[in-house]
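Written out below as structure tokens is the structure these notes cover.
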Amino acid sequence: MVNKAKQGKAVAAGKPAQRQAAQKTVCIVCRLEREGIPVADDVFISTVRKLKSRLGRLAGNRLVVCPDDIGKAQQKRGRFEKYLMWCSILAFAVLLVLTLSSRTMAFGLLAGVVAGLFVMLMAMVSYYPKMDDAALKGYLARTGKSVGAAGSKAAGARGKR
Ligand SMILES: [Zn+2]
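One rule links them: number in this note's numbering = place in the sequence shown (from 1) + 801.
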């Protein structure tokens with residue numbers, strides 16, 4: 802199967818390979834057990850993982866995006882990044898107004914904390930994971946496929962990085 806090459810690569814990449822071998826790989830878009838591009842581990846994923854393991858509900862699935870859903874996942878991720886950006890701008894604007902209109906430093910600080918929490922909460926609620934860049938590039942190079950047709954939004958989000 803195709804998986805052999807991928808597994809070899811994972812072993813070369815580092816230690817988690819052994820643990821991953823026993824895990825199920827689940828596509829985050831179609832929720833089916835499929836092979837695909839691994840999802841990048843970021844602050845949100847590791848936080849959720851920590852919370853879940855603390856609650857004793859760690860499923861232990863490895864999250865991937867199957868080849869059929871790469872375009873969809875990129876679009877959704879692009880939407881999330883845009884949304885988060887607007888939330889940050891909004892929070893900053895509100896914070897600025899509150900700080901300028903208040904006379905006390907303490908109130909400004911409080912407003913800052915609230916604005917920060919607001920952005921984090923919005924991010925958590927609407928969170929959408931990102932595919933591992935290196936794995937995605939490798940996949941695209943291997944298959945010669947292009948997902949640029951998935952939408953100019955996703956392409957724009959990628960170009961910025
Ligand atoms: Zn899928």
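In this text, a Cβ means the ideal position worked out from N, Cα and C, and glycines have one as well. These numbers come from a predicted model, not from an experiment.
Taking every protein chain shown into account, the CB of D843 has fewer than 16 other CB atoms within 10 angstroms, so this residue is exposed. Counting every other CB atom within 10 Å of its CB across the protein chains shown gives Q875 a total of 16 or more, marking it as buried.
When DSSP reads this structure, V840 sits in a beta bridge with M932.
With 7 Å as the limit, the residues whose C-beta approaches any heavy atom of ligand 1 more closely are C828, V830, C831, L833, R835, G837, V866, C867, D869, D870, in sequence along the chain. In the DSSP assignment, V895 falls within the alpha helix (DSSP H) that extends over 871 to 902.
For the 7 Å CB-CB criterion, E834 and K825 form a contact. Around the beta-carbon of M932, 16 or more other beta-carbon atoms lie within 10 Å, marking it buried.
The C-alpha of I890 lies about 10 Å from the C-alpha of L896.
Listed as beta-bridge partners of C828 by DSSP are V865. With respect to V830, K883 sits apart: the two C-beta atoms are not nearer than 7 Å.
Note that the C-beta distance between K877 and Y929 is below 7 Å. G909 and S903 have their C-alpha atoms some 7 Å from each other.
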